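Comments concern the structure below.
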Amino acid sequence: MTDQTSGADLLTTADGKSLKSSLNRALRRQKIRALMLIAPLLLFILISFIAPIFDMLLRSVENQIVPDTIPRTIEALEEWDADTGEAPSEEVFAAFYTDLAIAEEYKTHTRLGSRLNYEKTGISSMFRSTGRRVGRFDTDAYTDGFTDADAAFADPAQWAAWMADDAVRASLPLTTDAYDAWALLTVEENNDIPAEEDPADFVYTALYRDLMNGNTAAAMPAVDVSAWEPVVISEQFIDANDGWADPEVWATIKTYGGTYTSGYFLNSVDLQLTPDGVETRPEDERIYITLFIRTIVLSILITGSCILLGYPIAYLLANLPLRSANVLMILVLLPFWTSLLVRTSAWKVLLQNQGVINDILVWIGIVADDNRLELINNATGTIIAMTHILLPFMILPLYSVMKTINPSYVRAAKSMGATDWTAFWRVYFPNSIPGIGAGSILVFILAIGYYITPELVGGTKGVFISNRIAYHISSSLNWGLAAALGSILLVLVLALYWLYDRLVGIDNVKLGG
Amino acid sequence: MAASATDKAFVEFERVQKSYDGETLVVKDLNLTMPKGEFLTMLGPSGSGKTTCLMMLAGFETATHGDIRIGGTSINNIPPHKRGIGMVFQNYALFPHMTVAENLAFPLEVRKIGKSEREEKVKRALDMVQMGQFGGRRPAQLSGGQQQRIALARALVFQPELVLMDEPLGALDKQLREHMQFEITRLAHELGITTVYVTHDQTEALTMSDRVAVFNDGRIQQLAPPDKLYEAPENSFVAQFIGENNTLTGKVETLSGERCTVRLDSGELIDARAVNVSAVGDRTKVSIRPERVEINKDRLSPDAHTLKAEVLEFIYMGDIFRTRLRVAGTDEFVIKTRNAPDQVRLERGQQIEIGWLAEDCHALDA
Ligand SMILES: Nc1ncnc2c1ncn2[C@@H]1O[C@H](COP(=O)(O)OP(=O)(O)OP(=O)(O)O)[C@@H](O)[C@H]1O
Ligand SMILES: [Mg+2]
Numbered sequence: 001m002t003d004q005t006s007g008a009d010l011l012t013t014a015d016g017k018s019l020k021s022s023l024n025r026a027l028r029r030q031k032i033r034a035l036m037l038i039a040p041l042l043l044f045i046l047i048s049f050i051a052p053i054f055d056m057l058l059r060s061v062e063n064q065i066v067p068d069t070i071p072r073t074i075e076a077l078e079e080w081d082a083d084t085g086e087a088p089s090e091e092v093f094a095a096f097y098t099d100l101a102i103a104e105e106y107k108t109h110t111r112l113g114s115r116l117n118y119e120k121t122g123i124s125s126m127f128r129s130t131g132r133r134v135g136r137f138d139t140d141a142y143t144d145g146f147t148d149a150d151a152a153f154a155d156p157a158q159w160a161a162w163m164a165d166d167a168v169r170a171s172l173p174l175t176t177d178a179y180d181a182w183a184l185l186t187v188e189e190n191n192d193i194p195a196e197e198d199p200a201d202f203v204y205t206a207l208y209r210d211l212m213n214g215n216t217a218a219a220m221p222a223v224d225v226s227a228w229e230p231v232v233i234s235e236q237f238i239d240a241n242d243g244w245a246d247p248e249v250w251a252t253i254k255t256y257g258g259t260y261t262s263g264y265f266l267n268s269v270d271l272q273l274t275p276d277g278v279e280t281r282p283e284d285e286r287i288y289i290t291l292f293i294r295t296i297v298l299s300i301l302i303t304g305s306c307i308l309l310g311y312p313i314a315y316l317l318a319n320l321p322l323r324s325a326n327v328l329m330i331l332v333l334l335p336f337w338t339s340l341l342v343r344t345s346a347w348k349v350l351l352q353n354q355g356v357i358n359d360i361l362v363w364i365g366i367v368a369d370d371n372r373l374e375l376i377n378n379a380t381g382t383i384i385a386m387t388h389i390l391l392p393f394m395i396l397p398l399y400s401v402m403k404t405i406n407p408s409y410v411r412a413a414k415s416m417g418a419t420d421w422t423a424f425w426r427v428y429f430p431n432s433i434p435g436i437g438a439g440s441i442l443v444f445i446l447a448i449g450y451y452i453t454p455e456l457v458g459g460t461k462g463v464f465i466s467n468r469i470a471y472h473i474s475s476s477l478n479w480g481l482a483a484a485l486g487s488i489l490l491v492l493v494l495a496l497y498w499l500y501d502r503l504v505g506i507d508n509v510k511l512g513g
Numbered sequence: 001m002a003a004s005a006t007d008k009a010f011v012e013f014e015r016v017q018k019s020y021d022g023e024t025l026v027v028k029d030l031n032l033t034m035p036k037g038e039f040l041t042m043l044g045p046s047g048s049g050k051t052t053c054l055m056m057l058a059g060f061e062t063a064t065h066g067d068i069r070i071g072g073t074s075i076n077n078i079p080p081h082k083r084g085i086g087m088v089f090q091n092y093a094l095f096p097h098m099t100v101a102e103n104l105a106f107p108l109e110v111r112k113i114g115k116s117e118r119e120e121k122v123k124r125a126l127d128m129v130q131m132g133q134f135g136g137r138r139p140a141q142l143s144g145g146q147q148q149r150i151a152l153a154r155a156l157v158f159q160p161e162l163v164l165m166d167e168p169l170g171a172l173d174k175q176l177r178e179h180m181q182f183e184i185t186r187l188a189h190e191l192g193i194t195t196v197y198v199t200h201d202q203t204e205a206l207t208m209s210d211r212v213a214v215f216n217d218g219r220i221q222q223l224a225p226p227d228k229l230y231e232a233p234e235n236s237f238v239a240q241f242i243g244e245n246n247t248l249t250g251k252v253e254t255l256s257g258e259r260c261t262v263r264l265d266s267g268e269l270i271d272a273r274a275v276n277v278s279a280v281g282d283r284t285k286v287s288i289r290p291e292r293v294e295i296n297k298d299r300l301s302p303d304a305h306t307l308k309a310e311v312l313e314f315i316y317m318g319d320i321f322r323t324r325l326r327v328a329g330t331d332e333f334v335i336k337t338r339n340a341p342d343q344v345r346l347e348r349g350q351q352i353e354i355g356w357l358a359e360d361c362h363a364l365d366a
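Protein sequence lines correspond, in order, to chains A and B. If you're matching positions, the first sequence starts at 1 in the UniProt record's numbering and goes up one per residue. If you're matching positions, the second sequence starts at 1 in the UniProt record's numbering and goes up one per residue.
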């Protein structure tokens, strides 16, 4: 009980606390309890749904692997102009040599190769073959040159000492960068101590380039490198794989050198990024737009046939006496009791050229034996099988909405002079539209992302975009493209949902009640 | 006005029977004749077959046996939409996806009435139920009473000669109910419509109707104007069902014409009017209205039989006093007395003597 102290405006509870604050406390406790109840679900959704979606969205634009693996090359390529039609300068090749030598140790060059291969075929094998060769480049001539000139260059401890000296580091930038990378590699990959290991060839090559650039360190013994026979690194590369002479390869590397890329998305809509900007892909590589359009058109057709077939059944269900309605309901739900795969395979048996349906049609004489209908491995097969599989998702919401339509509406209409058809069309049907809406959304969204059935009965002309996504996820391993395709699908669904909301109104969707 | 034969028997049920399951008869041998313009109420307990009768008349159920005629023609084979009957449903059945005006226009549209005439009629119908400015609203945006009026207007807008109403006021509160009762009767009489009205509220039936048909067990127990129904019930069901009533059981001792005496089971002898007894020795239920019981012996005839009674309870109700008595072995005998200046107020435990005029006490079937 609350007691109101006379004269005071504030309501207080029996123990003198403000009524408002104790009400708030009680409400907060309630909210926390409610939150705890849904916490497991929330956590589950967060971990298994929201997070993967974000990861997917990120994957579709992420390109970290290129700048991470060959940072020096990307930096050096900035100077290079792809329009010259010539391979980049020796400077770029030298940077690439350092990058590749390091990447080869980390074994990341093949992954980079696969990534760039999505944009230009052949790059993958270039990386692989060159990776095998990069350790045996002729740059060991520089190593020998230095160690011959002064024994100090052969002493790992001496190297460590030089590289700890700030004056040396400041005057020899390329060497410092290469040595640091090599030291890190030695520790991380080989579990060795840099001060006890001979530096790799690319460190000596960097030192050579520093000296050739006119940088010298006072702490090091002076070596006159200008007299040495230079090793042309670009030739070494071209020797390993002549693809490196192709400026287009370098243009691709330069174009896809950023941390983020729109490449996957452009690819998803049959475009590509070239140094000259966005262009359409060559005719024979355009598949995704067609697939998207096909997915949407077939999904609409499937939704339409589900409405046509489901409406009368739902009507029957809603208007039959309870007992017969229950039997019918079990029949409607029967497909749910068998596995999707089994049902789809059953359609294969029914629909194929020598299948049950064709046999019957031939037997009746509707089609000629040498002219059997193509019912499977094309869009027809996909539509038939998916309509069957998704039909319950149309019937159930329709049924639950129809169940709530008061039979006296139709009676009232008839008593006012409407024929059976008018009463249905003007009174019953408009009231069942929310069920059509709910069923359509359900069926359409399920259809647009369907995968197994089109895969099994769709052939090449009846597959959906999701089959392509599955291909990229599990076969080509181009997850970025799969993610981009998935994201576009998601946006498409949301856009259609929005359109639907504008046209029909989402309040008009009922799942019953 | 010279009434033709069909005007006198505008609606006719002849030996109508109805069974839903083929095992039990929901309506047993229904005979009913309604003249044109009559307001007839079907009154009865739940499940007594009232809605069934209405649905047969409207064409949504078919009679298992018998003939139903409207204006002299049998309607058994006329589909509902050709019967031209206005109907008000218990839950109003206003179309939720149409506005009020569209709802009203619907019966006119299906009759292919032109737009301007349609609008004119809709407007007139809305004004008739004082809902003129609500044409643009959806039914869900109206109160129960407003919906009710729209349902009424919709049933009347196409000027049917016969209107059926199935407990149209069931969902309304008492005040609105009384107001609507008045409006419905006013409209029905103004427009000269023949009305069949279903209710299980006896006050509604008594106040609104020209005649009341009391239903029970699939039969019409009594069909009579309200005053006759109340004052001269033909059997004990009607007596019990309509208004408050005291019942005593006994055996007929003497019987002479209209009059009889009844020996109650507790031994006393009382006077009664023989309504539904045929021979001396018949078991009977006698029924007396509480307000017809007299506690002042001076007002009774000297030879009238009286009963001893003990006051069990005295309730002050403002305009009347309600007293519960122990009479002839029953504790539920109620009398009502007017709160007049000279009226005595009985005390609990007081011993009194009661009696009545023989005409007010009906000896009915047992
Ligand atoms: N469609 C039906 N199928 C089977 N039995 C029915 C059906 N409709 C009504 N009945 C039965 O018929 C009997 C009479 O029903 P009806 O609806 O006519 O009663 P009512 O007098 O209108 O009652 P209430 O005052 O409760 O509306 C009831 O016993 C009911 O169970
Ligand atoms: Mg009823």
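Glycine is no exception: its CB is placed at the ideal position from the N, C-alpha and C atoms. Since this is a predicted model, take the numbers as computed values, not measurements.
#1: Can you find a CB in chain B that lies within less than 8 Å of the CB of V342 (chain A)?
#2: Using 8 Å as the limit for Cβ to Cβ distance, is L323 (chain A) near chain B?
#3: Note down, in chain order, every chain B residue with its Cβ under 7 Å from the Cβ of Y409 (chain A).
#4: Start and end of the alpha helix (DSSP H) containing L309 (chain A)?
#5: Give the straight-line distance between the Cα atoms of E183 (chain B) and Q202 (chain B), rounded to the nearest whole angstrom.
#6: Could you list the residues in the region 415–434 of chain A with a C-beta less than 9 Å from some C-beta on chain D, going in chain order?
#7: How far does the beta strand (DSSP E) with E332 (chain B) in it extend, from its first residue to its last?
#8: In the region 444–479 of chain A, which residue ranges form an unbroken alpha helix (DSSP H) of at least 4 residues, counting only runs that do not cross its ends?
#9: Among the residues of its own chain, which have a CB less than 7 Å from the CB of T5 (chain A), if the five just before and after it don't count?
#10: Just to make sure I have the definition right: I need the residues of chain B whose C-beta is within less than 7 Å of the C-beta of T346 (chain A). Which are they?
#11: Tell me whether the region 242–261 of chain A and the region 73–90 of chain A touch, counting them as touching only if at least three CB pairs, one residue from each stretch, are closer than 8 Å.
#12: Closer than 9 Å between beta carbons: that is the criterion. Which residues of the region 331–365 of chain B meet it against chain A?
#13: Give me the residue from A:T380, A:P67 and A:T130 with the minimum Cα distance to A240 (chain A).
#14: Is any beta-carbon of chain B found at less than 8 Å from that of A447 (chain A)?
#15: Quick one: residues in its chain with C-beta nearer than 7 Å to the C-beta of D138 (chain A), no 5 flanking neighbours on either side, listed in chain order?
#16: Would you call the region 208–216 of chain B and the region 37–49 of chain B in contact, with 3 or more CB pairs under 8 Å?
#17: For T2 (chain A), does the count of other Cβ atoms within 10 angstroms reach 16, so buried, or fall short, so exposed?
#18: Identify every residue that forms a DSSP beta bridge with S287 (chain B).
#19: Does any residue of chain A bring its CB to less than 8 Å from the CB of V110 (chain B)?
#20: So which of B:K285, B:I354 and B:R283 has the shortest CA-CA distance to A309 (chain B)?
#21: How would you label S415 (chain A), buried or exposed, when you count the other beta carbons within 10 angstroms and need 16 or more for buried?
#22: Ligand 4 and K308 (chain B): does any heavy atom of the ligand fall closer than 7 Å to the residue's C-beta?
#23: Please list the terminal residues of the continuous alpha helix (DSSP H) segment that includes Q181 (chain B).
#24: Can you tell me which residues fall inside 5 Å of ligand 1, judged by beta-carbon distance to its nearest heavy atom, and keep chain order?
#25: Measure from the alpha carbon of L184 (chain A) to the alpha carbon of each residue in A:S466, A:A103 and A:A39, then state which is nearest.
#26: Rounded to whole angstroms, what's the CA-CA distance from A2 (chain B) to P290 (chain B)? Just pull it up for me.
#27: What do you get for M163 (chain A), buried or exposed, if any count of 16 or more other CB atoms within 10 angstroms of its CB means buried?
#28: At 7 Å on the CB atoms, spell out the chain A contacts of P80 (chain B), in chain order.
#29: Take I315 (chain B) as the anchor and find which of B:N276, B:L346 and B:F95 has the nearest alpha-carbon.
#30: When the Cα atoms are used, what is the spatial distance from M446 (chain A) to G458 (chain A)?
#31: Excluding the 5 residues flanking L390 (chain A) on each side, which residues of the same chain have their C-beta closer than 7 Å to its C-beta?
#32: Under three-state DSSP, which class holds F237 (chain A)?
#33: Do we get a CB-CB distance below 8 Å when we pair I113 (chain B) with the residues of chain A?
#34: How is G86 (chain B) classed by DSSP in three states: helix, strand or coil?
#35: Kindly list, in the order they appear in chain B, the residues whose Cβ is closer than 7 Å to that of N406 (chain A).
#36: Does DSSP put G257 (chain B) in a helix, a strand or coil?
Taking the definition as stated:
#1: V342 (chain A) does not count as touching chain B.
#2: Per the sequence presented here, residue 323 (chain A) reads as Arg, with Leu not at that position. It does not: the Cβ of R323 (chain A) has no partner Cβ on chain B nearer than 8 Å.
#3: A93 and F95
#4: From DSSP, the alpha helix (DSSP H) with L309 (chain A) extends over Y288 to N319.
#5: 18 Å
#6: Within the model displayed, chain D is absent; protein chains A and B are what it includes.
#7: Counting along the chain, the beta strand (DSSP E) containing E332 (chain B) begins and ends at T330 to R338.
#8: If we require 4 residues or more, the alpha helix (DSSP H) runs fully inside the region 444–479 of chain A come out as 452–457 and 465–474.
#9: Unreliable placement is indicated for T5 (chain A), whose pLDDT of 45 sits below 50; the coordinate value is still reported in the next sentence. Counting only Cβ-Cβ distances below 7 Å, and skipping sequence neighbours, we find T12.
#10: According to the sequence displayed, residue 346 (chain A) carries Ala and not Thr. In chain order: nothing, as chain B lies at least about 41 Å away.
#11: The region 242–261 of chain A is in contact with the region 73–90 of chain A.
#12: Taking 9 Å as the Cβ-Cβ cut-off against chain A, none of the residues of the region 331–365 of chain B qualify.
#13: It is A:T130 whose Cα lies nearest to the Cα of A240 (chain A).
#14: no
#15: V231 and Q236
#16: These segments touch.
#17: A caution first: T2 (chain A) carries a pLDDT of 44, below 50, which makes its placement in the model too unreliable to give a value.
#18: B:T247 and B:H362
#19: In terms of beta-carbon proximity, V110 (chain B) lines the interface with chain A, with at least one pair separated by less than 8 Å.
#20: That would be B:I354, whose Cα lies nearest to the Cα of A309 (chain B).
#21: Buried, by the Cβ-count rule.
#22: What this structure holds is ligand 1 and ligand 2, not ligand 4.
#23: K174 to L191
#24: Those residues, listed in chain order, are B:Y20, B:V26, B:S46, B:G47, B:S48, B:G49, B:K50, B:T51, B:T52 and B:H200.
#25: Measuring C-alpha to C-alpha distances from L184 (chain A) to each of A:S466, A:A103 and A:A39 identifies A:A103 as the nearest.
#26: Because A2 (chain B) sits at a pLDDT of 44, beneath the cut-off of 50, its placement in the model cannot be relied upon, and the following sentence gives the value as read from the coordinates. Between A2 (chain B) and P290 (chain B), the alpha-carbon positions lie close to 43 Å from each other.
#27: Within 10 angstroms of the beta-carbon of M163 (chain A) lie 16 or more other beta-carbons, which makes it buried.
#28: K414 and S415
#29: Of the listed residues, the one whose Cα sits closest to I315 (chain B) is B:L346.
#30: Reading off the sequence shown, one finds Leu at residue 446 (chain A), where the question assumed Met. For L446 (chain A) and G458 (chain A), the distance between alpha carbons rounds to 16 Å.
#31: I302, C306, V443, L446 and A447
#32: F237 (chain A) falls in the helix class under three-state DSSP.
#33: no
#34: It is a strand residue.
#35: Here the neighbours are N91 and A93.
#36: coil
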